[in-house]
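Colleague:
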Amino acid sequence: MEVHYLIRKPILLEARFHIQGFTVLLGESGAGKTTLLKALAGLVPA
Numbered sequence: 001m002e003v004h005y006l007i008r009k010p011i012l013l014e015a016r017f018h019i020q021g022f023t024v025l026l027g028e029s030g031a032g033k034t035t036l037l038k039a040l041a042g043l044v045p046a
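Shown next as structure tokens:
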């Protein structure tokens with residue numbers, strides 16, 4: 001999956017989520033946490 005705006009290149013190359021357990025997203029403001037969640041939910045084009 002790739003999500004990017006304007007001419008910025010994607011920086012997340014791979015992500016893995018395990019069914020058992022939980023995942024925490026940490027990052028600075030503007031790092032893309034909400035964009036990642038929206039892309040996974042199908043709310044933004046990927």
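Numbering (full-length UniProt numbering), first residue to last: 1 to 46. Don't be surprised by glycine CBs; every beta carbon is placed ideally from N, CA and C.
Using C-beta distances below 6 angstroms, list every residue in its chain close to residue 33, excluding the 5 sequence neighbours before and after it, in chain order.
Modeller: Walking along the sequence shown from the start, residue 33 turns up at place 33. Taken in chain order, the residues that qualify are 25 and 27.
Colleague: Can you tell me whether DSSP reads residue 36 as helix, strand or coil?
Modeller: In the sequence shown, counting from the first residue as 1, residue 36 sits at position 36. The answer is helix: DSSP assigns residue 36 an H, G or I state.
Colleague: The ligand FAD and residue 14: does the residue's C-beta get closer than 7 angstroms to at least one heavy atom of that ligand?
Modeller: Absent from the structure shown: the ligand FAD. Ligands present: none.
Colleague: When you compare the CB positions of residue 3 and residue 31, do they come within less than 8 angstroms of one another, or not?
Modeller: As a position in the sequence shown, residue 3 is number 3, starting the count at 1. As a position in the sequence shown, residue 31 is number 31, starting the count at 1. In this structure, residue 31 does not lie closer than 8 angstroms to residue 3 by Cβ.
Colleague: Please report how far the alpha carbon of residue 36 lies from the alpha carbon of residue 15, in whole angstroms.
Modeller: The residue you call residue 36 lines up with position 36 of the sequence shown. The residue you call residue 15 lines up with position 15 of the sequence shown. Distance between the alpha carbons of residue 36 and residue 15 is about 10 angstroms.
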